[in-house]
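>
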Amino acid sequence: MAFRIDPNNDPEVDEHLWAYLIPRNQALRRVDFLRITPTISLGRDPARCTILLPGPHISATHAEISWNGLNNRCSVITLTDNSSGGTWVGNERVERGKSRILKNGDDIAFGAPVAVDDNGGLHDFRYRFCDVAAKQALKRLDDFYLRGEHLGTGTGGYVHLATEKSSNQLVAVKTIEYLKTDMDVFREIAVMETVRHPHIVSIFSAHESETVPHIYLVMEYMEGGELLQYLERELTERNLWPNGPAIRGLPEDLCREIMYQLCHAVAFLHAQGITHRDLKPENILLRDDNIRAPFIKVADFGLAHVQKNLTIEVKMTEACGTVQYAAPEVLDPAKPGYNHLADSFSAGIMMFTMMILDNPWCDERKEPHGWPLPKLKWRNLTTQLLSPAGLDLLDHLVQPDPFKRVSLAGALKHLWLKSHHPMHYTLTGPYMNV
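Following the UniProt record's numbering, the numbering of the sequence shown begins with 1 at its first residue and continues without gaps.
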């Protein structure tokens, strides 16, 4: 059989595909991967799989093929094996639970690396992979947007304002030099494109440069800037609590409002198998400049970890994040790993910072491990600043031992947040069930 492996010369390939699989056995049909579904699961279980492979050597959820959503040289497509029967790329078996980047023309076999003749060849799941996205033309940013002023520098890149030509809508464009950063820009795109929540920044599109290794992420414009700037402005101007004690931060009700929104957003991420791993005031953005009714959104997912199989617990081991806000188990190489409770610790340190508008640590946490852990400035947190219920929740968030630490979903059930009446009624439907 002659295999077509060049989508540019294949009349049957349309612009709605990012890849397809050509069967080696003529009894089977070509498998198309549509651009509206960047992650494809293959296996026997119709309830959990996008593509059914009903063979005796195929597991219920056998494998997953994912596209990062980009075209041309920035296109990355990975195969992850989840099976007991095995998946082969070329002559190599992919280790269960591991991923491999696919290249145009790769031979892939699900369940068996050789021909399976039973049932008239209908169980012979051997294919040749064709990468359509790698051949697609680049989407030039300047064809769709007019660039504006520089807004600031974020993790892994800088941000500027832009205007969409067709609608005059203001957007923020993050420029990432992906060859010069340790951040996983493709992971950031994948996370931001798949999650939708009122308190998580939305991504509208991604574009690639024709001349330099840059990727442009077009996101919603958050006019209020960073939470860090909001806190610094209050420290200088004292507009929110002009006559409070000398050592003071945000009024408790405003801190509670921000924590309520933050816990909902990040608990929602955790329910999707996503751990942010770099929660800090710089990565929390405000929708507008209403200082008395802040509406926040979580941003910057370049360090996020995505666990696709939620039926098993997988420990993360990569040391990352910002030392001042990172949980001790994240940075300590002697620890056996960490999970989503690391985000709880970071959220707790953010809460502490908001309540005193100062570094909550008595001493600087030393690079690179932030260990031993310094003491926190508990003496600065009087009941004039934070109620006993708030102090209790904070104590449960910043527990050094993750087994004693409360999850962010659990924090929402704590009296301090459970009794809160939010200023913005956006958290309805599935967002409440975290």
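For every residue, glycine included, the Cβ atom is placed at its ideal position computed from N, Cα and C.
1) Based on the DSSP output, what are the partners of Trp88 in its beta bridges?
2) State the DSSP-derived secondary structure class of His150, mapped to helix, strand or coil.
3) Cα separation between residue 437 and Glu15?
4) Let's test the definition: count the other Cβ atoms within 10 Å of the Cβ of Gly120 and tell me whether it reaches 16, buried, or not, exposed.
5) From the DSSP output, in three-state form, read off Thr175 for me.
6) Return helix, strand or coil for Gly225, following the three-state DSSP convention.
7) Just how far apart, CA to CA, sit Asp6 and His270?
8) Give me the Cα-Cα distance between Glu226 and Ile258, rounded to the nearest whole angstrom.
9) Closer than 6 angstroms by C-beta to Asp124: which residues in its own chain qualify, once you throw out the five before and the five after it? Chain order, please.
10) Should Val132 go down as buried or exposed, given a rule of 16 or more other Cβ atoms within 10 Å for buried?
11) Could you tell me the distance, in whole angstroms, from the CA atom of Asn243 to the CA atom of Leu394?
12) Arg365 by DSSP, collapsed to three states: which one?
13) By the three-class DSSP mapping on this structure, what secondary structure does Val201 have?
14) Alpha carbon to alpha carbon, what distance is there between Arg29 and Ile224?
15) My understanding is that Val266 touches Phe345, with C-beta atoms under 8 angstroms, so please give their C-beta distance in whole angstroms.
16) Comparing alpha-carbon positions, which option in Arg379, Ala327 and Gly249 lies nearest Leu357?
17) Could you check if Tyr425 is buried or exposed, using at least 16 other CB atoms within 10 Å of its CB as the buried criterion?
18) Indicate the three-state DSSP secondary structure (helix, strand or coil) for Thr163 in the structure shown.
19) Looking at the structure shown, is Tyr260 part of a helix, part of a strand, or coil, going by DSSP?
20) Check whether the Cβ atoms of Cys320 and Arg277 lie closer than 7 angstroms to each other.
21) Return helix, strand or coil for Phe3, following the three-state DSSP convention.
22) Using a Cβ-Cβ cutoff of less than 8 angstroms, which residues in the same chain neighbour Glu252 once the five nearest sequence positions on both sides are dropped?
23) Per DSSP, which one or two residues make a beta bridge with Ile58?
24) Given that a residue counts as buried once 16 or more other Cβ atoms are within 10 Å of its Cβ, and exposed if not, what is Arg48?
Well, looking at it:
1) Along the sequence shown, read from residue 1 onward, the residue named residue 88 stands at position 88. Trp88 is bridged to Arg93 and Ala109.
2) For the purposes of this step, residue 150 is taken as residue 150 along the sequence shown, with counting starting at 1. Annotated three-state conformation of His150 is strand, per DSSP.
3) The question about residue 437 has no answer here: the residues shown for the chain are numbered 1 through 434.
4) On the sequence shown, residue 120 is found 120 positions in, with the first residue counted as 1. The C-beta of Gly120 has fewer than 16 other C-beta atoms within 10 Å across all chains shown, which makes the residue exposed.
5) The residue labelled residue 175 in the question sits at position 175 within the sequence shown. Residue state, collapsed to three classes: strand.
6) Within the sequence shown, numbered from 1, the residue matching residue 225 stands at position 225. If DSSP states are grouped into helix, strand and coil, Gly225 belongs with the strands.
7) For this step, residue 6 is matched to residue 6 along the sequence shown. For this step, residue 270 is matched to residue 270 along the sequence shown. Reliability fails at Asp6, whose pLDDT of 45 lies under 50, so the model's placement of it is uncertain and the value that follows must be treated cautiously. When rounded, the distance between both Cα atoms is 40 angstroms.
8) Looking up residue 226 in the sequence shown gives position 226. Looking up residue 258 in the sequence shown gives position 258. So the two alpha carbons sit approximately 13 angstroms from each other.
9) As a first step, residue 124 must be located in the sequence shown, where it is residue number 124. Correct list, in chain order: Asn25, Ala115 and Val116.
10) Along the sequence shown, one-based indexing puts residue 132 at 132. It counts as buried.
11) Translated into the one-based positions of the sequence shown, residue 243 becomes position 243. Translated into the one-based positions of the sequence shown, residue 394 becomes position 394. Their Cα atoms are separated by approximately 25 angstroms.
12) Mapped onto the sequence shown, residue 365 falls at position 365. Of the three classes helix, strand and coil, the one that applies to Arg365 here is coil, per DSSP.
13) Translated into the one-based positions of the sequence shown, residue 201 becomes position 201. Coil, per DSSP.
14) Position 224 of the sequence shown, counting from 1, holds the residue named residue 224. Position 29 of the sequence shown, counting from 1, holds the residue named residue 29. The question names Ile, yet the displayed sequence has Gly at residue 224. Taking the straight line joining both Cα atoms gives about 52 angstroms.
15) Numbered from its first residue, the sequence shown carries residue 266 at position 266. Numbered from its first residue, the sequence shown carries residue 345 at position 345. That belief does not hold up - the Cβ atoms of Val266 and Phe345 are roughly 12 angstroms apart, past 8 angstroms.
16) Reading the sequence shown from its first residue, position 357 is the one you call residue 357. The candidate whose alpha carbon is nearest that of Leu357 is Gly249.
17) Taking the first residue of the sequence shown as position 1, residue 425 is located at position 425. The residue in question, Tyr425, is exposed, as its Cβ has fewer than 16 Cβ neighbours within 10 Å.
18) Sequence index remark: in the sequence shown, residue 163 carries index 163 (1-based). Here Thr163 sits in strand by DSSP.
19) Working through the sequence shown from its first residue, we reach residue 260 at position 260. Shown here, Tyr260 sits in a helix according to DSSP, grouped into three states.
20) By one-based count along the sequence shown, residue 320 stands at place 320. By one-based count along the sequence shown, residue 277 stands at place 277. Closer than 7 angstroms, so yes.
21) Position 3 of the sequence shown, counting from 1, holds the residue named residue 3. Note that Phe3 scores 35 on pLDDT, short of 50, meaning its location in the model is unreliable and no value can be drawn from it.
22) Within the sequence shown, numbered from 1, the residue matching residue 252 stands at position 252. These residues qualify, in order along the chain: Met355, Leu385, Leu386, Ser387 and Gly390.
23) Here the question's residue 58 lines up with position 58 in the sequence shown. In DSSP, Ile58 forms no bridge with anything.
24) Here residue 48 refers to the residue found at position 48 when the sequence shown is read from its first residue. Under this definition Arg48 is an exposed residue.
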